[in-house]
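**Student:**
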Amino acid sequence: MDVQVVENSPFARLARMVLKSKNVAMVLGKKVHLSGVSKEVFLKNDGWVAHELCHVEQFRQHGYLRFLWLYLVESMRVGYYNNKYEVEARLAGMKHTQHLAAVQKAASTVKPIELPLPAYKRET
Ligand SMILES: [Zn+2]
Numbered sequence: 031m032d033v034q035v036v037e038n039s040p041f042a043r044l045a046r047m048v049l050k051s052k053n054v055a056m057v058l059g060k061k062v063h064l065s066g067v068s069k070e071v072f073l074k075n076d077g078w079v080a081h082e083l084c085h086v087e088q089f090r091q092h093g094y095l096r097f098l099w100l101y102l103v104e105s106m107r108v109g110y111y112n113n114k115y116e117v118e119a120r121l122a123g124m125k126h127t128q129h130l131a132a133v134q135k136a137a138s139t140v141k142p143i144e145l146p147l148p149a150y151k152r153e154t
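Add 30 to the 1-based position in the sequence shown for the working numbering, that's all there is to it.
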């Protein structure tokens with residue numbers, strides 16, 4: 031997927047004002063527009079990236095203008111939070127972080143004391 035990240039985007043700044051949010055990432059086609067957050071910080075947040083990549087996929091599925099229209103209609107109908115495209119993207123982001131949490135949990139349950147003893151100690 032050839033996705034571009036645009037920093038200091040005027041589109042994202044507008045969305046930031048509308049959503050009254052400190053930092054915003056918004057997808058237009060294959061571009062992730064950022065405002066209030068650097069590309070570096072955004073890319074480190076795997077859950078957030080997964081969320082925005084889900085929107086890229088939605089644009090791909092429905093077509094650029096058609097998706098913009100569908101998204102707008104859906105937002106007017108049920109609002110931003112309950113917008114089905116946001117729900118889908120939120121799930122994609124959460125699935126990612128849940129997966130990550132499970133991996134971290136598994137890693138933290140390995141206690142050094144449970145590790146196999148070095149061979150020379152087992153011989154005795
Ligand atoms: Zn979203």
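Backbone N, C-alpha and C fix where the C-beta goes; we use that ideal spot for every residue, glycine too.
May I ask you to check if the CB of Ala122 is nearer than 6 Å to at least one heavy atom of ligand 1?
**Tutor:** Position 92 of the sequence shown, counted from the first residue, corresponds to residue 122. No; taking the cut-off as 6 Å, the Cβ of Ala122 has no heavy atom of ligand 1 nearer than that.
**Student:** According to DSSP, Thr65 sits in a beta bridge with which residue or residues?
**Tutor:** Against the sequence shown, residue 65 aligns to sequence position 35. The amino acid at residue 65 is misidentified as Thr; the sequence shows Ser. Answer is Val54.
**Student:** Answer with buried or exposed for Tyr16, where buried requires no fewer than 16 other C-beta atoms within 10 angstroms of its C-beta.
**Tutor:** Given that the chain is displayed from residue 31 to residue 154, the structure contains no residue 16 and the question cannot be resolved.
**Student:** Identify which residue in Asn112, Leu58, Ser65 and Val108 has its Cα closest to the Cα of Gln88.
**Tutor:** By one-based count along the sequence shown, residue 88 stands at place 58. Of the listed residues, the one whose Cα sits closest to Gln88 is Leu58.
**Student:** How is Val36 classed by DSSP in three states: helix, strand or coil?
**Tutor:** Within the sequence shown, residue 36 is the residue found at index 6, counting from 1. The answer is strand: DSSP assigns Val36 an E or B state.
**Student:** Do Val33 and Lys52 count as a contact pair if the criterion is CB distance below 7 Å?
**Tutor:** Position 22 of the sequence shown, counted from the first residue, corresponds to residue 52. Position 3 of the sequence shown, counted from the first residue, corresponds to residue 33. Going by C-beta atoms, Lys52 is not nearer than 7 Å to Val33.
**Student:** Judging by CA-CA distance, which residue of Met106, Gly93, His81 and His85 is the nearest neighbour of His126?
**Tutor:** If you number the sequence shown from 1, residue 126 lands on position 96. Per the Cα distances, His81.
**Student:** Output needed for Gly123: all residues of its chain with C-beta closer than 7 Å, excluding positions within five of it in sequence on either side, in chain order.
**Tutor:** For the purposes of this step, residue 123 is taken as residue 93 along the sequence shown, with counting starting at 1. Contacts found: Gly77, Trp78, Ala80 and His81.
**Student:** Compute the Euclidean distance between the alpha carbons of Met106 and Val71, then round it to the nearest angstrom.
**Tutor:** By 1-based counting over the sequence shown, the position of residue 106 is 76. By 1-based counting over the sequence shown, the position of residue 71 is 41. Distance between the alpha carbons of Met106 and Val71: 31 Å.
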